[in-house]
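Numbering (my numbering), first residue to last: 49 to 182.
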Ligand code: ZN
C-alpha cells in the first residue's frame, strides 16, 4: 500500500523551525500502513526538513544560531535574489527525511521530533509525505 499526501505551512519569520511531527503522524495514521517507510520531502530551495530534539525549545533556537554562524549573509555572494545564505542552509539541512513506520507510528527516539526549517520566510510552504508499506 502507498499514499501520497501534501500539506502547506505558513511560516512567519525569515528563519524559523516548525514542529510538523503531529501532522506527519496524522498522515501515517490515515494511510492504513502499519509497518513500512515514510518519506517527508520539502520541494523548496530555501526551506528544508530534519529530525532533532523536540523537548527543549532552546534547541531549535540554538540550531538557527549555529546555522547562521556557518552560513551568514556575505557581501561577495552573487545570486541576484539575495538569499544565498538561505540556499546554503537549506542544502546543509537537506530536502527530505526517511522514517521507519512501526505500529502505525514513526519510529522516533524519545526526544526526537520532525522539524520543517524555514530560511527565507515568511512564505507559504509545501510538504509532501509518501507512506509505503503494509
Ligand atoms: Zn534564491
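Ideal placement from N, C-alpha and C gives every residue a C-beta, glycine not left out.
Proximity test, residue i beta-carbon vs the ligand ZN heavy atom, cut-off 7 Å
i: residue 129; result: yes
i: residue 92; result: no
i: residue 176; result: no
Closest Cα partner of residue i within the set the options
i: residue 114; options: 137, 78 and 89; result: 137
i: residue 166; options: 64, 53 and 50; result: 64
i: residue 84; options: 51, 91 and 96; result: 51
i: residue 168; options: 147, 72, 94 and 139; result: 94
i: residue 100; options: 59, 159 and 120; result: 159
Proximity below 8 Å, CB of residue i to CB of residue j
i: residue 68; j: residue 175; result: yes
i: residue 61; j: residue 170; result: yes
i: residue 55; j: residue 143; result: no
i: residue 141; j: residue 98; result: yes
i: residue 82; j: residue 179; result: no
Boundaries of the alpha helix (DSSP H) in which residue i is found, first to last residue
i: residue 119; result: Careful: residue 119 lies outside any alpha helix (DSSP H) and carries neither H nor E.
i: residue 72; result: 69-79
Cβ of residue i within 8 Å of any chain B Cβ
i: residue 92; result: Reference to chain B is not applicable here, since this structure consists of a single protein chain.
Span of the beta strand (DSSP E) around residue i
i: residue 177; result: 172-181
i: residue 52; result: 50-58
Reduced DSSP category for residue i - H, G, I as helix; E, B as strand; rest coil
i: residue 94; result: coil
i: residue 112; result: helix
i: residue 138; result: helix
i: residue 152; result: coil
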